[in-house]
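Peer 1: Structure incoming, see below.
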């Protein structure tokens, strides 16, 4: 059982925990990388040793005696080349596998984060800007595992360090002590750095998310920005965030600017110290000049591993920040509970629906709840129209039906079972919602309709036909295979709505919820859609070949409403009145006002036009027989 | 599996093959691509775009050179200690000499450290300033592109161009770029010092590295390609994630989490594969450097010994050469690393520069442009035609006058060209032929500042920004205070609705205005246009999601408010057309009928048909 994340530990320890996580998760890859790194490390020391050996056994004797043999030379040269080849093998193991480790961890966490996005309920999403969530999945994950890449290296170089230290002690213990003193110095430098830079990196990363947030929102609303000429203001809004990020990055960079050169200087100072003490040792006869050179060389070689450890340590604060931001998403416990009731797969035919004192208030919203004790029941196969003023809560109710949210009070039952008791997937199998706002995926027409379900092209075409989308889809360059962009300009709003409708119809849902989904469709097309729906819907045929659906339709148009068996008039968060369209026209003044607004407007316009026509006729008459004073004026002008 | 626009752009074949049939895209605007040209060209244009990068670079390079020179201190110190201190040359140990030398060297090391710190700080400042500038420039450019351009790319992918693509440049600029300069300087310096000790060995070392230098170009090209693939994969991944986030309600309602997970996982996996491919080539080049270094070391030992035997070289000099070789090798290896990183940066730069190079096809004439005449505006279409690039004509030879102060309704079936007409009228697009004159001025000649404040369009999807109702209304007129925002709702007959909001105009609308229903968002968008106080108002199905009673109330309020202005309404709720002075009827890209409602109904043409069907479905007659 891995230890839990040490929330309260020092940043370095927390960072090491993140590294540990990578190691635990990808044990084999890590082991391989470590092995490669150890090979690399020992061969780096081996190179020093080989050069030292060659100096003592090839170079110096040759210089002393002014004579050398081809064999000795070849031995020296080959030794060095062999070590280099072994080193390359180490590099491959280390760097390639370190990359595999890093990228696998990134991919793994990206999968987990995006899975969390899919798992978390809409209410969670609505509280978080898309740009921030993008940043979590991208740069935060990247940051978390940044130090993973150099980690095998820096662990591998620990082998190198140990070998070098042993070698140093074997050569000359006094001089070796000087070299060993480097390590506490490195650790101290790092501690100061981590303390100082941690909060700065955290701030920079937070601001990075802010920048993404503003960019995403602004690009999302690009049309409004353009039509209101607010490009400059938006750029300024973005610039403010960007400049904050810049300042935070500069502040974090300042910390790094101190750390890296200091870390680089330490081994150099070590070499100088070795020279100083080495000279005294040589003078005292305790050391040979070759020993001093060897140790000095070992220390310069150590500069690299020390830097490598520095890379890991230097990235730890950022990793901690990134990981904690990612972990916050993964730990989000907001979730939708599912029950165990499976909708019977083969159950066909329309579903029964019941609203039982349904209440709903948006999280954090003050004031009156949107829905307040709404009760009603809908028999299977019925088509009900949900009518209400703008903002009355119709779309909310539609969302509750598809279980995009749960009622904050009361219950909604489908076939007698509370929605929340259904197993995952059961609701979406039975209920199809066509939302008011169409969302089209950057994909083909076919994919947008079937959404991954296994459905034949015939079924797709049939759904497109009912949704009155067949004609324009056939006209597209590749028909069903035409790719339509996420916000493709190719299709008009009405065409997109019809695709969304086909998407719902093709699934043959048992409950079809249409949320004013024909608002952008031309009246004549809508009439055709309604005819098609009427054919498809209605009571199930006796032989059960054509399973019907219960339909809840949110609409304002009389024709749509007239299609319904019954109308539910939504008023003050509850059902204000219910009955047939004709009944409500007489019994509910609110309903009458809402539904007859167009007819009234039409009458007024006609009346106005009629009076205008009269006025024009009068004016025409007036022109034929000018009024006396006009005639006088005309005569004056003529005269 | 299918190919998306993005994939087609990247030319990733597999997904297209999986589609079974060649996927095709309907004609859209040219997609924002990547800048072409060689790496050097990209770096050059990148540096030109961000003068901050190179501002004060002289001092920085000087500091870098000091920092580099400091590195020579150690080998020279070792050589001095060996030859003088240890008496390799003279035969006796001179401790004082070494002490002096160490003291001087220590000063040099500290100076080096200070210079390196100062250099690094300067670099951070300059690079961050440059990157911020680049981000802002790129962001602005996205908004300067035409609507068609903007919509051709996924939001997530556009965001990546101002965020992670720019971040890619960061590392190169902050560490890489100068490391490259320093590395080259260090190589040069090491070469000079080596040549002083032994020109023969220097040549030998260079020969060892020559193959590496010669193949550099080819290898770099391959590296660049692979890094570009990584950038593309990440852009694609962000596109997929953003799609899932924005489309969350549909994903939930249809229970297609599994499918979305597959799509995202595929893009995540694609990113990982691209990263590994890039890593492989990077490791290979680094290894080649290591082999060259091994050969150089061996060569120095062998040839150096021979030279020493011949009396051309002292032992101290040979040892110093060994140190110098490592001083020469390190920058070579760093250089290779940096060049790889540069390829990564260049691929990010390519995407950012590609964005900036995308010429706004509906440009602001700016200072050179003209102002609109004061007062209400008329609009004249002169033989206007429109076609999407590479597509067929969607609007043919439209010739029409919209008199100042008139109320025009534009109707037609979906795809009839009425939306195109609206986009041309508000100059969201430019005609392929003919011209649009607003207030007698060619729309292309009107300064945007004028155009966008005098001609306002209320689109069907009234996008709201996160903030309060008042914030969103203010978007139409930055100076408007909360009282003015409330007054706007009141004037539109929406006082009741506003009173129903928990905090009045201070009510938060949520992300994208999602706390409000689509109809309510349209109300806010109308209030926003109202405070903008335009002379020409274009309503593009602006009240399509609003209930009929409210719509009629708004219509009456607007009628009063727009008196004296020119109003063009695109509507399929023909109640709007009834009240208009004149109706424009579009069919198959042509303006086929025009005239007052009564006349058109009487004529019995297309409009009469539309109206009959409207009357049947909505009015109930």
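Chains as they are written, first to last, in my numbering: chain A, 2 to 640; chain B, 47 to 667. All C-beta atoms, glycine included, are put in the ideal place defined by N, C-alpha and C. Small disclaimer: the values here were computed from a predicted structure and weren't measured.
Grab me the residues of residue 194(A)'s own chain with a C-beta within less than 6 Å of its C-beta, minus the 5 sequence neighbours each way, in chain order.
Peer 2: Excluding positions up to five away in sequence, the list reads 260.
Peer 1: With the cut-off set at 9 Å, would you say residue 482(B) and residue 426(B) are in Cβ contact?
Peer 2: Result yes, Cβ atoms of residue 482(B) and residue 426(B) sit closer than 9 Å.
Peer 1: Taking Cβ-Cβ distances shorter than 8 Å, what residues in chain B pair up with residue 493(A)?
Peer 2: Those are 460, 461, 465, listed as they occur along chain B.
Peer 1: Check each candidate in 152(B), 664(B), 643(B) and name the one with the smallest Cα separation from residue 611(A).
Peer 2: Nearest C-alpha to residue 611(A): 643(B).
Peer 1: List the residues of chain B that residue 295(A) touches, going by C-beta distances under 7 Å, in chain order.
Peer 2: Here the premise fails: no neighbours, minimum Cβ distance about 10 Å.
Peer 1: Mind listing the chain A neighbours of residue 311(B)? Cutoff is C-beta to C-beta under 7 Å, in chain order.
Peer 2: Simply 112.
Peer 1: Would residue 451(B) and residue 612(B) qualify as a contact pair, given that the criterion is a beta-carbon distance under 9 Å?
Peer 2: The answer is yes: Cβ separation under 9 Å.
Peer 1: Identify the contact partners of residue 59(A) in chain B, using a Cβ-Cβ distance below 7 Å as the criterion.
Peer 2: Here the neighbours are 347, 351.
Peer 1: Are the CB atoms of residue 47(A) and residue 84(A) within a distance shorter than 9 Å?
Peer 2: In contact: residue 84(A) and residue 47(A) (Cβ atoms closer than 9 Å).
Peer 1: Sort out for me which residues DSSP pairs residue 259(A) with in a bridge.
Peer 2: Per DSSP, none; premise fails for residue 259(A).
Peer 1: Might you give, ordered along the chain, the residues of its own chain that have their beta carbon closer than 6 Å to the beta carbon of residue 636(B), omitting 5 neighbours on each side?
Peer 2: Counting only Cβ-Cβ distances below 6 Å, and skipping sequence neighbours, we find 442.
Peer 1: Which word fits residue 214(B), buried or exposed, when buried means at least 16 other C-beta atoms lie within 10 angstroms of its C-beta?
Peer 2: It counts as buried.
Peer 1: So what's residue 483(A) in DSSP terms, helix, strand or just coil?
Peer 2: Strand.
Peer 1: Find the residues of chain B that neighbour residue 281(A), judging by a C-beta separation of less than 8 Å, and give them in chain order.
Peer 2: Per Cβ cutoff of 8 Å: 141.
Peer 1: Extract the residue ranges of the alpha helix (DSSP H) inside the region 178-264 of chain A, only unbroken runs of 4 or more that lie entirely within it.
Peer 2: Runs of the alpha helix (DSSP H) inside the region 178-264 of chain A: 183-221, 223-228.
Peer 1: Using a cut-off of 8 Å between C-beta atoms, extract the partners of residue 583(A) located in chain B.
Peer 2: None at all; the shortest Cβ gap to chain B is about 11 Å.
Peer 1: Any contact between the region 163-175 of chain B and the region 230-250 of chain B? By contact I mean 3 or more CB pairs, one from each, below 8 Å.
Peer 2: With the cut-off at 8 Å, the region 163-175 of chain B and the region 230-250 of chain B do not touch.
Peer 1: Do the region 387-395 of chain A and the region 556-572 of chain A meet, that is, are 3 or more Cβ pairs less than 8 Å apart?
Peer 2: At 8 Å Cβ cutoff, the stretches touch.
Peer 1: Residue 235(A) touches chain B at which residues, Cβ-Cβ below 7 Å?
Peer 2: Result: 189.
Peer 1: For residue 187(B), report the span of its alpha helix (DSSP H) as first-last.
Peer 2: Residue 187(B) -> alpha helix (DSSP H) spans 141-190.
Peer 1: List, from N- to C-terminal side, the alpha helix (DSSP H) runs of 4 residues or more that fit wholly inside the region 236-310 of chain B.
Peer 2: The qualifying runs are 245-292, 294-299.
Peer 1: Quick check on the burial criterion: 16 or more other C-beta atoms within 10 angstroms. Buried or exposed for residue 153(B)?
Peer 2: Its Cβ having fewer than 16 others within 10 Å, residue 153(B) is exposed.
Peer 1: Look at the Cβ atom of residue 166(A), then the Cβ atom of residue 170(B), and state whether they are nearer than 9 Å.
Peer 2: In this structure, residue 170(B) does not lie closer than 9 Å to residue 166(A) by Cβ.
Peer 1: Any contact of the region 307-316 of chain A with the region 138-154 of chain A, i.e. 3+ C-beta pairs under 8 Å?
Peer 2: The region 307-316 of chain A is in contact with the region 138-154 of chain A.
Peer 1: Within 9 Å (strictly less), CB to CB, does residue 217(A) reach chain B?
Peer 2: It does; some Cβ of chain B falls within 9 Å.
Peer 1: For my contact list, residue 302(B) and residue 477(A) are in at a C-beta cut-off of 8 Å; report their separation, rounded to the angstrom.
Peer 2: Actually they are not in contact, since the Cβ atoms of residue 302(B) and residue 477(A) sit about 23 Å apart, beyond 8 Å.
Peer 1: I'd like the span of the beta strand (DSSP E) that includes residue 102(B), first residue to last.
Peer 2: Counting along the chain, residue 102(B) falls outside any beta strand (DSSP E), and DSSP gives it neither H nor E.
Peer 1: Exposed or buried, which one is residue 243(A) when buried takes at least 16 other CB atoms within 10 Å?
Peer 2: So residue 243(A) counts as buried.
Peer 1: Do residue 499(A) and residue 468(A) have their beta-carbon atoms positioned less than 9 Å apart in this structure?
Peer 2: Against a cut-off of 9 Å, the Cβ pair of residue 499(A) and residue 468(A) comes out as a contact.
Peer 1: Assuming residue 93(A) contacts residue 37(A) under a Cβ cut-off of 8 Å, what Cβ separation, rounded to an integer in Å, is found between them?
Peer 2: Residue 93(A) to residue 37(A), Cβ: 7 Å. Contact.
Peer 1: For residue 252(B), go through chain A and note every residue whose CB falls closer than 9 Å to its CB, in chain order.
Peer 2: By Cβ distance, chain A contributes nothing, its closest Cβ being about 17 Å from residue 252(B), past 9 Å.
Peer 1: At least one CB of chain A closer than 9 Å to the CB of residue 593(B): is that the case?
Peer 2: Judged by the 9 Å Cβ criterion, residue 593(B) is in contact with chain A.
Peer 1: Counting only beta-carbon atoms, is residue 599(A) nearer than 9 Å to chain B?
Peer 2: Yes - at least one Cβ of chain B is within 9 Å of the one on residue 599(A).
Peer 1: Do you know whose CA, among 280(A), 245(A), 335(A), 13(A), lies nearest residue 144(B)'s CA?
Peer 2: Per the Cα distances, 280(A).
Peer 1: Measuring alpha carbon to alpha carbon, tell me which residue in 427(A), 101(A), 211(A), 443(A) is nearest residue 286(B).
Peer 2: Checked all of 427(A), 101(A), 211(A), 443(A); the closest Cα to residue 286(B) is 443(A).
Peer 1: Can you find a CB in chain B that lies within less than 9 Å of the CB of residue 382(A)?
Peer 2: Taking Cβ atoms only, chain B never reaches closer than 9 Å to residue 382(A), which makes this a no.
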